[in-house]
Amino acid sequence: MKALEAESIHKAALVAFEKNVSGNAFGEKVGFTVRDDLVYRNKYIHQLKRVDLIQYGGCIWK
296 MKALEAESIH KAALVAFEKN VSGNAFGEKV GFTVRDDLVY RNKYIHQLKR
346 VDLIQYGGCI WK
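Take 296 as the starting number for the sequence shown in the numbering used here and just add one per residue.
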């Protein structure tokens with residue numbers, strides 16, 4: 296956060312998947328708050344292979 300301040304960046308956003316427990320815990324720990332006044336939307340220009348699938352012990356979690 297100090298590096299952002301040093302660059303005169305006054306606001307930052309953090310995006311994490313809802314099920315990303317450690318990522319969301321990190322965001323909370325460093326002071327990011329949840330906004331319930333926004334809706335995040337995607338639009339595919341070119342369909343890409345998803346890379347957010349994580350494999351744990353033979354089980355795949357989305």
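Each residue gets a CB set at the ideal place from its N, CA and C atoms; glycine is no exception.
query                                                                        : result
Through-space distance from V329 to F321, alpha-carbon basis                 : 13 angstroms
Closest by C-alpha distance to Y335, when choosing among H305, F312 and A307 : F312
Coil, strand or helix - A307 by DSSP                                         : coil
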